[in-house]
Amino acid sequence: MSGHSKWANIKHRKGAADLRRAALFTKLSKNITVAARNGGDPEFNFSLRTAIDKALAANMTKDKVDQAIKRGTGEIAGGVIEEVLYEGFGPGGVAVLVEALTDNRNRTSSSLKHVFGKNGGNLSGSGSVQWMFVRRGVVRARGKSGLSDDEQLALIGAGTDDIVAEDGMQTLTCQPDSLMSVRQAAAAIDLDAFEVGLEWEAKEPVEVEPSIRGQIESLFEALDDDEDVSEIYSNVEL
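According to full-length UniProt numbering, the residues represented by the sequence shown are 1 to 238, in order.
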């Protein structure tokens, strides 16, 4: 019996891994499709270039990448994918923003409402928590463990508000309208940008009791399992 139980557990884990992989590919495909709306050539569309790089790094096939691009440019028919921002509260009243890419708002809303409720939170209305966050441009780059004064000044001159170095990576934040100029300035000093985009940053991060941290992490994991969810932001310091 022990052998049977072990095999059943292996099969369960493999099934769960396959589902997560399929959900990941669905998310990556949607990201490519949405980015391709602004042009199907990654040489001139950095958001598309970033989305493609992420997909290839996750071992998505080139055929699937090409199909996702063509759906975005309209060369292949497909459902209309909308970018929707959902707002909610997690355990302990922490604020949560969920960015989703969906072809069915009702399905996604119903799913997220269930996930929040099952994990000690609740999906709330528009404007309930968004005011606690600010939109920021973010460039994450590799290439240097440290920056000279001149290099930092060049980045600041391009619009960089903050520079954080950690584990051989530079994280540059800026106003949304300075994002492309900061990316170009990073490239000019030989920083290899691997992630460029707009993110939500909590205005005032909050600390929570250790007793509910696990509940909050469980909520985030459950949200991440939803194939319509693209990004999750919170004001909690974990």
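Idealized CB from N, CA, C, for every residue including glycine.
Just mark residue i as buried or exposed, buried being the case when its beta carbon has 16 or more other beta carbons within 10 Å.
{"i": "H12", "result": "At H12 the pLDDT is 38, less than 50, meaning the model places this residue with poor confidence and gives no usable figure here."}
{"i": "N119", "result": "buried"}
{"i": "T102", "result": "buried"}
{"i": "S47", "result": "buried"}
{"i": "T50", "result": "buried"}
{"i": "G15", "result": "Residue placement at G15 cannot be trusted, given a pLDDT of 45 that sits under 50; what the coordinates show is reported in the next sentence. By the 10 Å Cβ count, G15 comes out exposed."}
{"i": "S145", "result": "exposed"}
{"i": "D226", "result": "buried"}
{"i": "N59", "result": "exposed"}
{"i": "I76", "result": "exposed"}
{"i": "E82", "result": "exposed"}
{"i": "S110", "result": "exposed"}
{"i": "G88", "result": "buried"}
{"i": "S211", "result": "exposed"}
{"i": "V107", "result": "Per the sequence shown, residue 107 should be read as Arg rather than Val. Classification of R107: exposed, given that the 10 Å Cβ count is below 16."}
{"i": "A68", "result": "buried"}
{"i": "A35", "result": "buried"}
{"i": "S126", "result": "exposed"}
{"i": "G228", "result": "Reading the sequence as shown, one finds Asp at residue 228 and not Gly. By the 10 Å Cβ count, D228 comes out buried."}
Just to confirm the assignment, what range does the beta strand (DSSP E) spanning residue i have?
{"i": "V182", "result": "Run containing V182: none in the beta strand (DSSP E); it sits in the alpha helix (DSSP H), 179 to 188."}
{"i": "N122", "result": "122 to 124"}
{"i": "L85", "result": "82 to 89"}
Inspect the beta-carbon positions of residue i and residue j and report whether they are closer than 8 angstroms.
{"i": "L56", "j": "W200", "result": "no"}
{"i": "A141", "j": "Q170", "result": "yes"}
{"i": "L179", "j": "I163", "result": "no"}
{"i": "V182", "j": "A158", "result": "yes"}
{"i": "G90", "j": "S234", "result": "yes"}
{"i": "A222", "j": "V84", "result": "no"}
{"i": "C174", "j": "D161", "result": "yes"}
{"i": "T61", "j": "G40", "result": "no"}
{"i": "N38", "j": "N31", "result": "no"}
{"i": "A188", "j": "V139", "result": "no"}
{"i": "I216", "j": "D224", "result": "no"}
Return the bridge partner residues of residue i from the DSSP annotation.
{"i": "V196", "result": "V139"}
{"i": "I232", "result": "V98"}
{"i": "A165", "result": "Q170"}
{"i": "T160", "result": "C174"}
{"i": "V134", "result": "E201"}
{"i": "V206", "result": "V236"}
Hey, is residue i's beta-carbon within less than 8 angstroms of any beta-carbon in chain C?
{"i": "S230", "result": "Looking at the structure shown, chain C is missing, and only one protein chain is on hand."}
Along the chain, where does the alpha helix (DSSP H) containing residue i start, and where does it finish?
{"i": "T171", "result": "Counting along the chain, T171 falls outside any alpha helix (DSSP H), though it belongs to the beta strand (DSSP E) covering 169 to 174."}
{"i": "A57", "result": "46 to 57"}
{"i": "V65", "result": "62 to 73"}
{"i": "N106", "result": "105 to 118"}
Alpha carbons only, please: which of the options is nearest the one belonging to residue i?
{"i": "G93", "options": "E207, D226, E231", "result": "E207"}
{"i": "A154", "options": "N122, D167, G168, L172", "result": "L172"}
{"i": "K27", "options": "K64, E43, P42", "result": "K64"}
{"i": "F220", "options": "A68, R107, N122, L198", "result": "N122"}
{"i": "A202", "options": "E237, G39, E82, S211", "result": "E237"}
{"i": "W131", "options": "A95, R71, A187, F44", "result": "A95"}
{"i": "D192", "options": "V34, A68, D53, D177", "result": "D53"}
{"i": "E195", "options": "D177, G137, A165", "result": "G137"}
{"i": "K113", "options": "E99, G127, Y86", "result": "Y86"}
{"i": "P205", "options": "V129, A22, L24, D66", "result": "V129"}
{"i": "P42", "options": "G79, D66, G214", "result": "D66"}
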